[in-house]
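The opening residue of the sequence shown carries number 0 in numbering that gives the first Met the number 0; numbering runs sequentially from there.
Working notes, beginning with the structure itself.
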Amino acid sequence: MGRVIGIDLGTTNSCVAVFEDGRPIVVPNSGGYKTTPSMFGVADDGKRLVGHLAKRQAITNARHTVFATKRLIGRRFDDTEAQRTLEFSPFEIVRGPNDDPRVRIGEKAFTCPEIAGIILRRMKRVAEEYLGEPVEEAVITVPAYFTDTQRQCTRDAGKIAGLEVLRIINEPTAAALAYGMTRHGDEKIAVYDLGGGTFDISILEMSSGVLEVLATAGNTFLGGEDLDRRIVTHLVQGFEKTAKIDLKGDAMALQRLKDAAEKAKCDLSVREVAEVNLPFITSSGGEPQHLNTEISRETLEDLVQDIVEETLKSVDECLADAGLSASEVNQVVIVGGQTRMPMVQEAVTRHFGRRPHKGVNPDEVVALGAVLHAHMLVEEEKELLLLDVTPLSLGISTFGGHFARLIERNTTVPVTKAHIFTTTRDDQSAVKIRVLQGESDLAEENDLLGEFILAGIPLAPKGEPEIEVSFDIDSSGMVSVSARDLATGSEQSIAVNSTSTLTSEELEQLVADHEAGEVRLKG
Ligand code: AMP
């Protein structure tokens, strides 16, 4: 059997860890970097590029270089979030046949699970090159606030990468696991995870061999990318004012602005002022135009203050769900590259009344936790019990478009809840059930996981038949549903992921395509 790995599939960067000599370690890629950009591109000669090679061509080949697709995975094309991504995207996002956003490069429209699969395959290869043996199994992390559809898509991506996904675990939980490795004693921990694309907050309790998530909250569309975008907008507006030129429609200029914005943002974590110099950003009347400006830390903080405030609202929500006050938290662990920003650290310090723990590397801790968990699973280690929660309530649509919660958010998983359904008309032979996830009382505002029809109900007066429907959330946070007619005992298992963004035929085809193109390591 091959080795098992832990992968942090990030919006901006990905990281892979293996378990060696009794401890988890992060594996550097062939360039010596411990993280690999989550980027994919196609070069002019048709060659597919992943990671640093893709990043290198991002400016010169912006239309064919894809980044941050984790923001689109498991979403509908019409989602407001997906639409916001479209607005500034240098690459082309089109509507797929399943109403999913796809990235068009030349003739081919790539699905988001396929792009994630390509990145995962690269991370698998990084581990295989280091270990000198094939890797077949992995634990992959996702934002705690990912829905069932987003988790299903991540699992599909694992399959496309040629990996058996042993478990999907939440990023903050993985971070807490890695942090907890070196701690003894009882503690209540808050993990504040602000990455490139998503924000999660989890409150956990660690006591004698049990790591229990008490509550989690977050936003899968809030992260460093949003800060970058604010800076890009600021720069575009400034240029429009001074040079009277609108750069918004220029893919190459936008890509250069995005790179410069991110660089300025990172510079401003250690400096008060950052320069932005983009010579030949465009031309006007045959004359080259240059963008030369400065941005201060104060300006950046003004531009993004509401984003940082937004994270604190989720923190309060999470504390309330955990039944704790901020002062009852013993340790705050900060994770994700964006927590390097001083303003973020100050906001966290102020909010919890304590300085965050600095002992973990925010870029690596999630992958380390993932492989620790993978190791626990394959070795069947019983020393530590990990209990996670479901981030969103699960329910069904009822008469009048209301949402009836069957499993409340922050319920410990795995969990199964059974409910009895009946008919509303005499001799009704079928009922339709729509399964949804979310917090709105209105069914249509929540994420539709799937709908199914229970057919073959024996004819009877209304209200008499009894159909027991079981809703199950497994340890990966994924939902399945089964139904049983109590009169006949006949059972049906229902695929709730019917609205996942890939059909099973498409998935099979993608797995086969990528397997065929794979060069296997011997051993
Ligand atoms: P992650 O998803 O954890 O890899 O986080 C990536 C995000 O962190 C990106 O938006 C980066 O721009 C941001 N980031 C990385 N380093 C810094 C830094 N020194 N200061 C501010 N933001 C940073």
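Cβ coordinates follow ideal geometry from the N, Cα and C atoms, glycine included.
heavy atom of the ligand AMP below 8 Å from LYS546 C-beta
Beyond the ends of the chain as shown, which are 0 and 522, falls residue 546; an answer cannot be given.
Compute the minimum distance between the beta carbon of CYS152 and the heavy atoms of the ligand AMP, and state whether it is under 8 Å.
By one-based count along the sequence shown, residue 152 stands at place 153. No, the Cβ of CYS152 stays beyond 8 Å of every heavy atom of the ligand AMP.
Could you tell me the distance, in whole angstroms, from the CA atom of VAL212 to the CA atom of THR410?
Position 213 of the sequence shown holds residue 212. Position 411 of the sequence shown holds residue 410. So the alpha carbons of these two residues sit roughly 10 Å apart.
Terminal residues of the beta strand (DSSP E) in which THR348 lies
In the sequence shown, the residue the question calls residue 348 occupies position 349. Where THR348 is concerned, there is no enclosing beta strand (DSSP E), although the alpha helix (DSSP H) around it starts and stops at 341 to 351.
Looking at SER469: is its Cβ nearer than 9 Å to the Cβ of LYS416?
Taking the first residue of the sequence shown as position 1, residue 469 is located at position 470. Taking the first residue of the sequence shown as position 1, residue 416 is located at position 417. The Cβ atoms of SER469 and LYS416 lie closer than 9 Å to each other.
Just to confirm, are ALA173 and MET122 a CB contact at a threshold of 9 Å?
Locating residue 173 in the sequence shown gives position 174, counting from the first residue. Locating residue 122 in the sequence shown gives position 123, counting from the first residue. Going by C-beta atoms, ALA173 is not nearer than 9 Å to MET122.
Which same chain residues end up closer than 7 Å to MET340 when comparing Cβ atoms and leaving out the 5 residues on each side of it in sequence?
Sequence index remark: in the sequence shown, residue 340 carries index 341 (1-based). Here the set comprises SER268.
Proximal residues to GLU382 (C-beta, below 7 Å), its chain only, five neighbours per side dropped
For the purposes of this step, residue 382 is identified with residue 383 of the sequence shown, where counting begins at 1. Exclusion of the five residues before and after GLU382 leaves GLY208 as the residues of its chain whose Cβ lies within less than 7 Å of its Cβ.
Going by DSSP, which residues form a beta bridge with ASN169?
One-based indexing of the sequence shown puts residue 169 at position 170. Beta-bridge pairing links ASN169 to VAL141.
Quick one: Cα of ILE188 to Cα of LEU453, how far?
Counted from its first residue, the sequence shown places residue 188 at position 189. Counted from its first residue, the sequence shown places residue 453 at position 454. Answer to the nearest angstrom: the Cα atoms are 44 Å apart.
Identify every residue that forms a DSSP beta bridge with LEU447.
For the purposes of this step, residue 447 is taken as the residue at position 448 of the sequence shown. Answer is LEU435, bridged to LEU447.
Which of the three DSSP states, helix, strand or coil, is assigned to GLU19?
If you number the sequence shown from 1, residue 19 lands on position 20. Three-state result, GLU19: strand.
ASN169 to ASP425 span [Cα, whole Å]
Taking the first residue of the sequence shown as position 1, residue 169 is located at position 170. Taking the first residue of the sequence shown as position 1, residue 425 is located at position 426. Their backbone Cα atoms lie some 46 Å apart in a straight line.
Who are the Cβ neighbours of PRO100 in its own chain at under 6 Å, not counting the five residues just before and after it?
Here residue 100 refers to the residue found at position 101 when the sequence shown is read from its first residue. For PRO100, where only same-chain residues beyond five positions count, the Cβ hits under 6 Å are LEU71, PHE76, ALA81, ILE92.
Can you have a look at ALA61 and say buried or exposed, based on whether 16 or more other CB atoms are within 10 angstroms of its CB?
Here residue 61 refers to the residue found at position 62 of the sequence shown. ALA61 is buried by the Cβ-count criterion.
Residues near HIS401 by beta carbon distance below 8 Å, same chain, minus five either side
Residue mapping note: residue 401 aligns to position 402 of the sequence shown, counting from 1. Spatial neighbours of HIS401 in its own chain (CB-CB distance under 8 Å, excluding positions within 5 residues in sequence) are listed in chain order as ASP440, LEU441, ALA442.
Buried or exposed: LYS240, going by 16 or more other Cβ atoms within 10 Å of its Cβ?
Taking the first residue of the sequence shown as position 1, residue 240 is located at position 241. Classification for LYS240: exposed.
Could you tell me if the beta carbon of ASN329 falls within a distance shorter than 8 Å of some heavy atom in the ligand ZN?
The ligand ZN is absent from the structure shown, which contains only the ligand AMP.
Do the stretch 235 to 249 and the stretch 264 to 284 meet, that is, are 3 or more Cβ pairs less than 8 Å apart?
Under the three-pair Cβ rule at 8 Å, the stretch 235 to 249 counts as touching the stretch 264 to 284.
What do you get for ILE114, buried or exposed, if any count of 16 or more other CB atoms within 10 angstroms of its CB means buried?
Position 115 of the sequence shown, counted from the start, is the residue given in the question as residue 114. Flag for ILE114 reads buried.
Just verifying my parser: in three-state terms, what is the DSSP assignment at THR415?
In the sequence shown, the residue the question calls residue 415 occupies position 416. It is a strand residue.
Tell me the residue span of the beta strand (DSSP E) that contains THR59.
Along the sequence shown, read from residue 1 onward, the residue named residue 59 stands at position 60. For THR59, there is no enclosing beta strand (DSSP E), since its DSSP letter is neither H nor E.
When you compare the CB positions of ALA126 and GLY157, do they come within less than 9 Å of one another, or not?
On the sequence shown, position 127 is the one that residue 126 refers to. On the sequence shown, position 158 is the one that residue 157 refers to. Contact: no.
Burial state of THR397, where buried means 16 or more other Cβ atoms lie within 10 Å:
Locating residue 397 in the sequence shown gives position 398, where the first residue counts as 1. THR397 should be labelled exposed.
What does the alpha-carbon distance come out to for the pair GLY530 and VAL25?
Residue 530 lies beyond the residue range present for the chain, which begins at 0 and ends at 522; the question has no answer from this structure.
Pairwise C-alpha distance: GLN427 and VAL459:
Along the sequence shown, read from residue 1 onward, the residue named residue 459 stands at position 460. Along the sequence shown, read from residue 1 onward, the residue named residue 427 stands at position 428. Note that residue 459 is Ala in the sequence shown, not Val. In a straight line, the C-alpha of ALA459 is about 7 Å away from that of GLN427.
How would you write the range of the beta strand (DSSP E) that ASP471 sits in, first residue to last?
Sequence index remark: in the sequence shown, residue 471 carries index 472 (1-based). Here the beta strand (DSSP E) through ASP471 covers 466 to 472.
Report the option in LEU290, ASP266, SER201 whose CA atom is closest to the CA atom of GLY237.
Within the sequence shown, numbered from 1, the residue matching residue 237 stands at position 238. Taking only the C-alpha atoms, the option nearest GLY237 is LEU290.
Please name the residue or residues paired with THR397 in a DSSP beta bridge.
Counted from its first residue, the sequence shown places residue 397 at position 398. Answer by DSSP bridge pairing, in chain order: HIS401.
What is the DSSP secondary structure of TYR32, counted as helix, strand or coil?
For the purposes of this step, residue 32 is taken as residue 33 along the sequence shown, with counting starting at 1. Under the three-state reduction of DSSP, TYR32 is assigned to coil, being neither helix nor strand.
Whether PRO361 touches VAL331 by CB criterion (9 Å)
The sequence position of residue 361 within the sequence shown is 362, counting from 1. The sequence position of residue 331 within the sequence shown is 332, counting from 1. No, they are not a contact pair.
Cα separation between GLU286 and ALA252?
If you number the sequence shown from 1, residue 286 lands on position 287. If you number the sequence shown from 1, residue 252 lands on position 253. Cα-Cα distance, rounded: 16 Å.
Report the rounded CA-to-CA distance for LEU391 versus GLN436, giving the unit in angstroms.
As a first step, residue 391 must be located in the sequence shown, where it is residue number 392. As a first step, residue 436 must be located in the sequence shown, where it is residue number 437. In a straight line, the C-alpha of LEU391 is about 6 Å away from that of GLN436.
Could you name the residues that DSSP lists as bridge partners for ARG103?
Position 104 of the sequence shown holds residue 103. For ARG103, the beta-bridge partners assigned by DSSP are GLU91, ALA108.
In the DSSP output, which residue or residues are listed as bridge partners for TYR191?
Within the sequence shown, numbered from 1, the residue matching residue 191 stands at position 192. Bridge partners of TYR191: ILE200, ILE333.
Going by beta carbon distance, what residues of the same chain come within less than 6 Å of ARG229, once the five residues before and after it are set aside?
Reading the sequence shown from its first residue, position 230 is the one you call residue 229. These residues qualify, in order along the chain: LEU302, VAL303.
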